[in-house]
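Shown next, in structure tokens, is the structure this report addresses.
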Amino acid sequence: MKNLQTAFDTVIVGGGFGGLTAALLLANRGEDICLLEGHTVTGGSASCFDRFERDSSGNYLRYRFDVGATTLSGLHEGGPLRRLFNEGGATPPMRSVDPGMIVTFADERRIYRWSDTDKWIAECERVFAPEGQRPFWEHIFRINQRGWNLSEKNPSFPPKSLGDLLRMARPINLRNLDLLQYLYRSVAEEMERYGVNCDSRFHDFLKEQLMITSQNVPSDTPFLVGAMGLAYPSDTWYPEGGMYGVARWLEHEIEGRGGVVRTKRRGKQIRRDGSEWIIETSRENYRAKRVISNLTTWDMAELLNNRGDTIRQLNQLDETVELWGAFTLYVAVQDTLEDGGSLYHQIHSSPLPHIGTQSIFVSLSPSDDRERAPEGWRTITVSTHVPKPEEWERLAADDPEEYERRKVEVGEAMLEVMGGGLPGFRESEKKFLLYGTPRSFAFYTGRRHGRVGGVPHTLRRSLFTTPKYRTRLPNVYLVGDTLYPGQGVPAVVLGALNLVDEIGNTS
Ligand SMILES: Cc1cc2nc3c(=O)[nH]c(=O)nc-3n(C[C@H](O)[C@H](O)[C@H](O)COP(=O)(O)OP(=O)(O)OC[C@H]3O[C@@H](n4cnc5c(N)ncnc54)[C@H](O)[C@@H]3O)c2cc1C
7 MKNLQTAFDT
17 VIVGGGFGGL
27 TAALLLANRG
37 EDICLLEGHT
47 VTGGSASCFD
57 RFERDSSGNY
67 LRYRFDVGAT
77 TLSGLHEGGP
87 LRRLFNEGGA
97 TPPMRSVDPG
107 MIVTFADERR
117 IYRWSDTDKW
127 IAECERVFAP
137 EGQRPFWEHI
147 FRINQRGWNL
157 SEKNPSFPPK
167 SLGDLLRMAR
177 PINLRNLDLL
187 QYLYRSVAEE
197 MERYGVNCDS
207 RFHDFLKEQL
217 MITSQNVPSD
227 TPFLVGAMGL
237 AYPSDTWYPE
247 GGMYGVARWL
257 EHEIEGRGGV
267 VRTKRRGKQI
277 RRDGSEWIIE
287 TSRENYRAKR
297 VISNLTTWDM
307 AELLNNRGDT
317 IRQLNQLDET
327 VELWGAFTLY
337 VAVQDTLEDG
347 GSLYHQIHSS
357 PLPHIGTQSI
367 FVSLSPSDDR
377 ERAPEGWRTI
387 TVSTHVPKPE
397 EWERLAADDP
407 EEYERRKVEV
417 GEAMLEVMGG
427 GLPGFRESEK
437 KFLLYGTPRS
447 FAFYTGRRHG
457 RVGGVPHTLR
467 RSLFTTPKYR
477 TRLPNVYLVG
487 DTLYPGQGVP
497 AVVLGALNLV
507 DEIGNTS
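According to my numbering, the stretch in the sequence shown is residues 7 to 513, in order.
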């Protein structure tokens with residue numbers, strides 16, 4: 007085993023998709039790296055947990071639940087996940103899911119998000135007022151494509167320094183200058199321009215779809231970000247074994263290149279020692295020339311005792327932005343569901359008690375993935391957004407009984423919504439019914455107040471104002487969903503790809 011007292015080139019604190027990506031890329035470049043993860047497994051918000059039971063012969067049967075994220079996208083040629091897997095030299099086993107999602111409205115009518123553009127537009131014309139649907143969706147897919155082109159080929163975007171501006175002065179960027187207008191125009195404005203704003207059902211549909219990807223409403227979501235979010239179900243993948251299947255694959259690839267991955271190592275403090283950094287953990291101390299943090303910006307600020315201008319500034323973000331939390335429900339069900347041919351379902355509802363959100367996102371394990379559940383069973387993760395997650399933490403501390411009562415009320419309401427939107431669920435036999443609140447996420451992922459999913463883009467807080475991965479502290483960098491480009495696994499992976507590119511350009 008490697009002597010952990012030796013200095014590493016880079017220590018990465020946090021083993022979410024941001025940290026894992028940075029670790030693999032640096033190990034690939036021959037760096038001596040060590041990734042420290044506080045929890046027992048890597049993956050963070052896209053990890054898993056297991057429950058076991060014994061069968062009649064005394065053998066353990068495993069039920070594996072995705073903890074938060076369940077869908078993978080960005081695997082198109084040049085996409086962040088494709089580039090990451092190319093770095094690993096292979097693609098971990100996964101299957102395309104088409105329809106990428108089925109949306110069930112409160113009146114139990116369904117719409118299928120087919121991956122083929124024409125089929126999807128025809129589906130919209132069938133379900134909503136057909137006028138304007140085709141040009142609107144063609145506009146979305148065009149802007150989505152151009153948005154990916156710009157962000158993938160452009161690690162210096164958005165420019166934060168003269169160096170970034172100079173690096174950006176290339177033909178591809180000049181050709182894409184007109185995209186900037188879509189940072190300041192909302193999805194709602196574009197709906198109006200294309201005449202698709204009169205159908206209230208379509209508005210509700212877009213509102214709930216945007217909640218999953220941009221975590222904001224149509225009137226405040228910049229169209230560029232909104233278009234990229236609204237196009238995503240056409241590129242939906244299920245990793246075999248669930249999301250942890252990818253995290254585990256990344257760990258394996260990192261270690262295969264000589265990198266060190268250590269779980270149950272929670273960073274407690276990071277301090278300077280000469281030209282190096284000392285990372286104090288719950289176990290040993292580590293020494294490194296460079297530190298990459300995969301924590302939220304405010305959690306990293308705390309580890310650094312709020313030192314340095316950038317860190318102080320990032321920490322202030324904490325006071326000014328509203329972030330969402332998540333309420334989750336985990337359950338194993340007998341495989342008697344009618345899933346309509348998709349693993350992913352969004353079900354609309356009336357406002358849920360205590361949180362007020364109006365849809366739930368249901369992810370099923372495939373019937374044939376034996377890593378997830380024994381024959382005849384499936385595991386399910388259900389999630390919804392929670393406003394002001396810090397209030398759940400406070401309630402748990404001040405009034406534990408009321409916290410428990412509310413938790414059960416929200417969970418039961420979600421079960422009721424599933425009963426209406428997922429045929430066969432109500433009658434199916436169930437095991438391991440568990441609920442997760444913002445407090446659970448704070449505990450397991452170390453994210454302050456259980457704020458998850460990143461910083462929502464708004465018209466006021468556009469991509470330009472999102473913090474980037476550089477800090478003013480020497481050799482301290484940041485990755486993760488509280489930085490540019492933001493939310494979801496593909497964005498986090500893209501941020502880490504850009505960071506390593508930047509490190510390569512400057513070292
Ligand atoms: C309910 C839910 C559903 C979602 N669904 C999707 C989806 O379907 N598709 C999608 O693309 N995205 C989805 N997302 C968003 C996505 O999961 C996240 O944006 C992304 O995984 C964040 O990755 P990250 O690397 O920034 O941070 P994290 O995943 O939060 O990882 C940070 C890691 O750092 C570790 N850590 C924290 N503090 C310390 C410390 N002091 N020392 C050491 N380690 C530490 C944590 O344990 C964690 O492993 C979802 C999120 C949630 C909450």
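No residue lacks a Cβ here, since even glycine has one placed at the ideal position from N, Cα and C. Owing to the predicted nature of the structure, the values given are computational and were not obtained by experimental measurement.
State yes or no: is the C-beta of ASN300 nearer than 7 Å to some heavy atom of ligand 1?
-> yes
Shortest alpha-carbon distance to LEU67 belongs to which of PHE438, ILE285, PRO357, LEU343?
-> PHE438
Sorry if obvious, but does the Cβ on ALA237 come closer than 7 Å to a heavy atom of ligand 1?
-> no
Three-state secondary structure (DSSP) of CYS54 = strand
Nearest-angstrom Cα separation, counted from GLU282 out to VAL499 | 26 Å
With a cut-off of 8 Å on the beta carbons, I'd call ARG119 and MET100 a contact; round off their distance for me.
-> About 18 Å separates the two Cβ atoms, so there is no contact after all.
Inter-residue CB distance, GLY417 and TYR441 (contact presumed, cutoff 8 Å) | 4 Å
Report the three-state DSSP secondary structure of GLY460 (helix, strand or coil).
-> coil
Could you have a look at TRP383 and say whether DSSP puts it in helix, strand or coil?
-> strand
Residues bridged to TRP283 (per DSSP) | ARG278, ALA294
Count the other C-beta atoms from every protein chain shown that fall within 10 angstroms of the C-beta of TYR190, then say buried if there are 16 or more, exposed otherwise.
-> exposed
Quick one: what's got a C-beta closer than 7 Å to GLY264's C-beta in the same chain, skipping five residues either side?
-> ALA33
Within the same chain, show all residues whose beta-carbon is closer than 7 Å to that of GLN215, passing over the 5 residues directly before and after it, in chain order.
-> LEU236
Is PRO496 helix, strand or coil by DSSP?
-> helix
Proximal residues to ASP15 (C-beta, below 8 Å), its chain only, five neighbours per side dropped | LEU32, GLU37, ASP38, ILE39, ALA294, LYS295, ARG296
Is LEU42 near ligand 1, with its Cβ less than 7 Å from a heavy atom?
-> yes
How would you write the range of the beta strand (DSSP E) that GLN352 sits in, first residue to last?
-> 350 to 354
Check MET100 in the structure and name its three-state DSSP category.
-> strand
Return yes when the C-beta of PRO496 is under 7 Å from any heavy atom of ligand 1, and no when it is not.
-> yes
Among PHE333, ARG181, ALA338, GLU137, which residue has its Cα nearest to the Cα of HIS360?
-> PHE333
At which residues does the alpha helix (DSSP H) containing ALA233 begin and terminate?
-> 229 to 237
In three-state terms, what does DSSP make of TRP126?
-> helix
Can you say whether VAL414 is buried or exposed, counting buried as having 16 or more other CB atoms within 10 angstroms of its CB?
-> exposed
First and last residue of the uninterrupted alpha helix (DSSP H) at ASN340 | Correcting the residue type first, residue 340 is Gln in the shown sequence and not Asn. Unbroken run through GLN340 is the beta strand (DSSP E), 331 to 340; no alpha helix (DSSP H).
Is any heavy atom of ligand 1 found at a distance shorter than 7 Å from the C-beta of ALA332?
-> yes
Determine the direct distance from the alpha carbon of GLY85 to that of GLU259, and round the result to whole angstroms.
-> 20 Å
Work out the CA separation of THR27 and PHE91 for me, nearest whole Å.
-> 10 Å
Just to check, is the beta-carbon of LEU309 closer than 7 Å to a non-hydrogen atom of ligand 1?
-> yes
Identify whether ASN9 lies in helix, strand or coil by the three-state DSSP scheme.
-> Because ASN9 carries a pLDDT of 44, less than 50, the predicted location of this residue cannot be relied on, and the following value inherits that uncertainty. Residue state, collapsed to three classes: coil.
Status (buried if at least 16 other CB within 10 Å, exposed otherwise) for LYS474 = buried
Would you list the residues sitting across from THR110 in a DSSP beta bridge?
-> ARG116, ILE353
Is the Cβ-Cβ distance between VAL506 and ILE285 less than 8 Å?
-> no
DSSP puts TYR441 in a beta bridge; with which residues?
-> LEU335
Please name the residue, chosen from GLY50, HIS82, GLY64, that lies closest to VAL529 on a Cα-to-Cα basis.
-> There is no way to answer for residue 529, as the model of the chain reaches only from 7 to 513.
Comparing the CB of SER220 with every heavy atom of ligand 2, is any distance shorter than 7 Å?
-> Annotation note on ligand 2: not contained in the displayed structure, which lists ligand 1 as its ligands.
Can you list, in chain order, the residues of its chain whose CB lies under 7 Å from that of ARG466, leaving out five sequence neighbours each side?
-> none
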